[in-house]
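Chains as they are written, first to last, in this note's numbering: chain A, 12 to 272; chain B, 55 to 311. From the three backbone atoms N, C-alpha and C, an ideal C-beta is built for every residue, glycine too.
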Ligand SMILES: Nc1ncnc2c1ncn2[C@@H]1O[C@H](COP(=O)(O)OP(=O)(O)OP(=O)(O)O)[C@@H](O)[C@H]1O
Ligand SMILES: [Mg+2]
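The following block contains the structure:
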């Protein structure tokens with residue numbers, strides 16, 4: 012009898028653990044946000060995180076955007092050529108890049124790059140007592156370590172994604188004109204005719220949410236890591252995995268919010 | 055009023071899982087004296103100090119500083135009290151992303167009492183006090199030897215001239231001469247600042263050099279407290295076995311805990 016119920020009990024326990032974790036992440040996030048608005052402000056640390064987020068992620072995100080724009084152009088051409096609707100390709104590229112691919116892929120790339128680094132840095136600081144040392148030096152670690160990173164993530168990713176939007180469309184244009192033989196002027200005309208300002212707003216809004224999530228997961232898992240080098244490793248993995256899943260989940264929620272009418 | 059100890063701990067308990075690390079600690083540290091705490095590895099010395107610092111929340115008991123129970127204060131008032139404590143962590147806990155001078159001046163900068171230029175100059179002075187060249191300020195903690203890291207940690211702890219100073223094994227892992235130098239610096243700082251100090255150590259020579267008084271932690275309780283000079287001839291069986299490092303005696307090393 013107990014054997015039969017074991018899977019149920021396990022599922023229930025897993026659910027409770029997940030619920031408790033979601034709760035503590037929410038509290039952590041709320042505390043972090045509240046420190047963004049209360050002095051002292053660590054401008055220097057914010058700038059450092061922002062540069063790390065935006066500037067140093069630029070090459071990775073740019074490559075990702077260009078190639079996905081190229082692939083979309085190629086794929087949709089292969090699919091639509093037999094219907095003779097090749098003019099739709101510019102439209103498909105711009106919509107899929109701006110609405111979905113740029114924010115999601117940039118978010119995932121940044122989760123792997125910056126989120127992991129944040130978790131490793133804060134995790135190391137935790138297990139070497141550096142976070143405790145902050146409290147003994149009249150410094151609130153949530154304010155000093157977490158708040159600047161959350162703000163940097165939320166502001167930096169939109170900037171990155173705007174660049175990714177442009178580069179993704181360029182990737183499509185490159186394939187469209189150089190390989191598929193479209194007229195450059197008409198391709199761009201199609202792109203701008205179809206692009207709506209709402210699409211860009213959504214792109215940037217998603218980016219802000221994803222940037223916040225990446226920073227939140229990096230900080231939460233790093234800040235609460237324990238158990239030496241193994242613990243820091245686990246924190247890094249957890250930060251990347253949980254940020255990636257949350258990005259995809261919130262992508263659905265936001266898409267539903269903006270487009271499902 | 056002068057009889058009131060700077061730090062008064064009563065009935066402090068802390069349990070991790072089902073392991074009771076602190077089991078009713080009573081300890082008084084009089085103003086402007088230094089108290090040495092000895093005890094076996096894993097006996098909870100670091101946990102005790104972290105409880106006073108507010109890094110670990112005890113399960114029960116009271117910690118009075120200047121007669122006020124810090125555990126019952128508002129968070130802001132707690133932070134203010136803790137701002138008066140300088141701490142040298144067991145492993146240094148230097149901020150490895152910051153150069154040495156910013157480590158040393160961290161507390162000064164955090165209080166916004168000085169500009170960065172002033173903080174930098176002040177850091178150079180404090181580094182000189184602990185026997186390091188001011189140019190060391192430009193290095194990063196990873197570029198220092200263990201002994202230098204201890205000195206920088208000491209410099210960081212004393213920079214804000216705190217009323218209380220805690221040292222967690224300040225000389226562990228140093229050669230005997232460097233150990234004696236650090237001890238000298240500690241007594242100099244404590245006497246110079248008139249601070250109240252708690253020092254954790256395994257090193258008996260160091261304990262007698264740093265300490266005015268001493269206390270021994272065993273099985274979660276303070277089993278002996280007295281003059282640090284009497285550590286080697288305390289007449290207490292537990293202390294004797296510990297300070298003389300005898301394998302036979304009332305303390306049975308628990309290899310599995
Ligand atoms: N955060 C924690 N979570 C769980 N257990 C802990 C924690 N901190 C300390 N302990 C346990 O409490 C006990 C006392 O640890 P503590 O670090 O105070 O020992 P110590 O007396 O300082 O030893 P040492 O001389 O080796 O530094 C240890 O058994 C340790 O496993
Ligand atoms: Mg210890």
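Judged by DSSP secondary structure, residue 65/B falls within the beta strand (DSSP E) whose first and last residues are 61-70. Identification of chain A residues near residue 107/B by a Cβ-Cβ cut-off of 7 angstroms yields 147, ordered along the chain. With a threshold of 16 other beta carbon atoms within 10 Å, residue 49/A falls short and is exposed.
Listed in chain order, the beta strand (DSSP E) runs fully inside the segment 227-267 of chain B are 250-254, counting runs of at least 3 residues. The Cβ-Cβ distance between residue 68/B and residue 81/B does not fall below 7 angstroms. Counting along the chain, the unbroken alpha helix (DSSP H) around residue 79/A starts and ends at 69-91. Residue 184/B sits in coil when the DSSP states are folded into three classes, being neither helix nor strand. Residue 264/A and residue 118/A have their C-alpha atoms some 15 angstroms from each other. For residue 168/A, the enclosing alpha helix (DSSP H) covers residues 158-189.
Within 6 angstroms of the C-beta of residue 45/A there is not a single heavy atom belonging to ligand 2. By the CB criterion at 7 angstroms, residue 180/A and residue 105/A fall inside the cutoff.
Residue 99/B has its Cβ nearer than 6 angstroms to a heavy atom of ligand 2. Listed along chain B are 164, each with a C-beta nearer than 7 angstroms to that of residue 150/A. Per DSSP, residue 223/B lies in no alpha helix (DSSP H) and is assigned neither H nor E. Using a 10 angstroms sphere on the CB of residue 65/B, the tally of other CB atoms stays under 16, which defines it as exposed.
Any Cβ of chain B closer than 7 angstroms to the Cβ of residue 141/A would place that residue at the interface, and such an atom is present. Ranked by how close their Cα comes to the Cα of residue 202/A, the residues 101/A, 222/A, 217/A, 232/A have 101/A in first place. At least one C-beta of chain B is nearer than 7 angstroms to the C-beta of residue 144/A.
Here residue 40/A is buried: its Cβ has 16 or more other Cβ atoms, across all protein chains shown, within 10 Å. When secondary structure is reduced to three states using DSSP, residue 74/B falls in the strand class. If you draw a straight line from the Cα of residue 61/A to the Cα of residue 67/A, it is about 9 angstroms long.
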